[in-house]
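Order-wise, the sequence lines are chains A and B. When we follow our numbering, the leftmost residue of the first sequence carries the number 1, and every step to the right adds one. When we follow our numbering, the leftmost residue of the second sequence carries the number 1001, and every step to the right adds one.
2 protein chains.
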Amino acid sequence: MKKSAPKPADLSAKIAKNIRDAIISGALIVDERLPSEADLSEQFNVSRPTVREALKRLAAQSLIRTQRGATGGAFVNHISFQDAYPQQITTSTLLLSMNDVSFDVACEARYTLERACAALSAARRTADQLATMRTEIFRQSQPALSDEAFCASDVAFHRALVDGAGNPVLSYQLAGAVEAMQPLMNMITFTARSRAAIIELHSQIADALEAGNASDVERHLTELERYTQKLAADVFARRKTVKDPS
Amino acid sequence: MKKSAPKPADLSAKIAKNIRDAIISGALIVDERLPSEADLSEQFNVSRPTVREALKRLAAQSLIRTQRGATGGAFVNHISFQDAYPQQITTSTLLLSMNDVSFDVACEARYTLERACAALSAARRTADQLATMRTEIFRQSQPALSDEAFCASDVAFHRALVDGAGNPVLSYQLAGAVEAMQPLMNMITFTARSRAAIIELHSQIADALEAGNASDVERHLTELERYTQKLAADVFARRKTVKDPS
DNA sequence: TGAATGCAAATGTCAGACAATTTAAGCTCA
DNA sequence: TGAGCTTAAATTGTCTGACATTTGCATTCA
């Protein structure tokens, strides 16, 4: 049986796959130096530019880093969760914007994942993470804050909540869901009234976390989800009215 | 204030960032054709190989695709969730293997996220997804199955569960967590006895999903998590004994 | 000893050429 | 006219060779 799409891959793609597999399988370990571009071009029987294109592909995925100079070369990268965040967020954001994901679906995913962290976070959040949440709540209460800054602070609040679960794998997976929502959230105009309601819910969430009350955290998160969806629905309804004034 | 590491980026990295930003900001829309490599090298005042390295970087992130021929060129890619899975999984797998994430932490993240899907999946799973789960359960009951194949079937079962939530954003985020666990799971040797226990739990989960009983799904998932961690703990204890026979 | 210098190795960049592929226009012939 | 073939043009893929730049190390000289 043929594969569905056995495209005759470019040489640089083949070489990149070859090296990538070696890294994933563990044949090449972290900080190990790859052969020089000249050596690789000999090994794979291709020219140096082709090898370079392959290496750039891997560099784009943060699988390798390159260094110039006598002892330079390409080295297998140690990928930290910190390093992987931006790429995860970029991809998630593009996925949302390119796939006609409705606000409600994205919102549901985000709050479903956040609620999953509630119990862990209630049990484990550090004093520092709680302080971060309180700080963000205070920032949100400043009337001079722009809508974008309000959204950014909202994201910071929720990331502190997620980080409170003390599980880096969870934090990483959720970073995509939380941050990717920001462009969608930025479409909402936050009135003084709606800001007050959100801040109130944030405070209740922080209080419940401080008290270690997981079910209260989940409950308030659900209320926040409903309120956010209501705000979004209002925005879309108003837009439709303006665009299509029957 | 200086940035922490304002590395003098390579030209190809700069050009890639330039084009990437244009795509993310929406200046370049899906399926739009980029200028030819020759045009780009003129615009950016660099040579063609340099432009090509930049384009390969973008291709590695699935941001563009290239096509040869008269009407060919580089086109902005439509990134589907399907396309993004492999990269998400590769990155997640590497993150786990390179960051000394313990089995328990990864396992906790995975089952926490899966439990989050339980309620939605109990309400929305299609008959098709339920059938997939039953099929995988049957496959798992074949004694001739290798440990690797058993793990792969386990992953397929859990992905069907997650997909049952009917939220593509959730499915995408969880794919990383579920699939990235597989190399860790492969370290476990599944005895006939442990296989039976897992299959029993899988059946209970499928039954609860069929009945639309969310809390039962969550409960059985928690049992499965505990059992998995116990199996892993046994493996590690045995290894330690062999390695370090005091 | 220690600092300056030069060398060697490696990546970064450039220029030009040819190969391969694909489309579309043009041409031939029934 | 219309179908089929041929050719040309555009574009990416690859190669060759060269030079620039950066960096570590050995060497040399005060």
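We put the CB at the ideal spot given by N, CA and C, even for glycine. Note that this is a predicted model, so its numbers are computed, not measured.
Determine whether the Cβ of residue i lies closer than 8 Å to any Cβ atom of chain A.
i	result
L975(B)	The question about residue 975(B) has no answer, for chain B in this structure spans 1001 to 1246.
E1053(B)	yes
A1109(B)	yes
N1099(B)	yes
V1105(B)	yes
Q1067(B)	no
I1079(B)	yes
K1056(B)	yes
L1120(B)	yes
L989(B)	The requested residue 989(B) does not occur in the structure, where chain B is confined to residues 1001 to 1246.
Kindly indicate if chain B contains any beta-carbon less than 8 Å away from that of residue i.
i	result
L34(A)	no
N167(A)	yes
P49(A)	yes
S4(A)	Unreliable placement is indicated for S4(A), whose pLDDT of 45 sits below 50; the coordinate value is still reported in the next sentence. So no, S4(A) is outside the interface.
Y172(A)	yes
T112(A)	yes
A177(A)	yes
S28(A)	Inspection of the sequence shows that residue 28(A) is occupied by Leu rather than by Ser. Not closer than 8 Å to any Cβ of chain B, the Cβ of L28(A) fails to qualify, so no.
T191(A)	no
L221(A)	no
A232(A)	no
T90(A)	yes
Q204(A)	no
R159(A)	no
A152(A)	no
I19(A)	no
Starting from the C-beta of residue i, find all residues in its chain whose C-beta is less than 8 Å away, skip the five residues before and the five after it, and write them out in chain order.
i	result
G72(A)	T66
F75(A)	D31, E32, R33, L34, I64, R65, T66 and Q67
L201(A)	H220, E223, L224 and Y227
Q1229(B)	F1103, D1104 and C1107
V51(A)	S12, I15, E37, L40, S41 and F44
A9(A)	K17
S1203(B)	I1137
L209(A)	S121, A122, R125, L130, M133, L161, G164 and V217
D1147(B)	N1186, I1188, T1189 and F1190
A1192(B)	P1143
Is the separation between the beta-carbon of residue i and that of residue j shorter than 8 Å?
i	j	result
A1165(B)	R1124(B)	yes
I1064(B)	L1096(B)	no
K249(A)	E1053(B)	The displayed coordinates of chain A run from 1 to 246. Any statement about residue 249(A) would go beyond what the structure contains.
Q1129(B)	D1100(B)	no
A1060(B)	A233(A)	no
I1188(B)	L1161(B)	no
Q1173(B)	L113(A)	yes
I1079(B)	L94(A)	yes
F1190(B)	F1150(B)	yes
A180(A)	S92(A)	yes
Could you work out which residue in the options is closest to residue i when comparing CA atoms only?
i	options	result
L58(A)	A1013(B), D1083(B), Y1085(B) and S1102(B)	A1013(B)
G1069(B)	N1077(B), E1037(B) and N1099(B)	E1037(B)
A152(A)	A122(A), P183(A), A9(A) and P168(A)	P183(A)
C1117(B)	L1231(B), R1219(B) and D1234(B)	R1219(B)
N77(A)	L94(A), P49(A), R115(A) and I23(A)	I23(A)
I89(A)	A177(A), F150(A) and T112(A)	A177(A)
Y1227(B)	R1048(B), R1020(B), E1108(B) and E1042(B)	E1108(B)
A211(A)	S171(A), D39(A) and A122(A)	A122(A)
N186(A)	A131(A), I199(A), D154(A) and F44(A)	D154(A)
D216(A)	I19(A), R115(A) and S47(A)	R115(A)
R20(A)	P1086(B), D1021(B) and E1136(B)	P1086(B)
F138(A)	A175(A), A196(A) and V169(A)	A196(A)
I29(A)	V1046(B), S1047(B), M1098(B) and S1025(B)	M1098(B)
F81(A)	S194(A), R238(A), R193(A) and L170(A)	L170(A)
Relative to the ligand MN, is the shortest distance from any of its heavy atoms to the C-beta of residue i smaller than 7 Å?
i	result
H1202(B)	This structure lacks the ligand MN, and indeed carries no ligand of any kind.
Excluding five sequence neighbours on each side, which residues of the same chain lie with their C-beta closer than 7 Å to the C-beta of residue i?
i	result
D83(A)	S62
F1103(B)	L1184 and A1232
M1133(B)	F1157, A1160, L1161 and A1206
N1167(B)	L1120
S194(A)	L231
Starting from the C-beta of residue i, find all residues in its chain whose C-beta is less than 6 Å away, skip the five residues before and the five after it, and write them out in chain order.
i	result
L120(A)	A165
A214(A)	A118, A119 and A122
R1048(B)	E1037 and S1041
V46(A)	L11
In chain order, each alpha helix (DSSP H) run of at least 4 residues that lies wholly inside the segment 1115–1142 of chain B: 1127–1140
Runs of alpha helix (DSSP H) wholly within the segment 28–83 of chain A (minimum 4 residues, chain order): 37–43 and 48–60
Uninterrupted alpha helix (DSSP H) stretches inside the segment 143–192 of chain A (no shorter than 4 residues): 147–163, 168–180 and 182–185
- request: Go through the segment 200–240 of chain A residue by residue and report every complete run of the beta strand (DSSP E) that reaches 3 residues or more, in order.
  value: none
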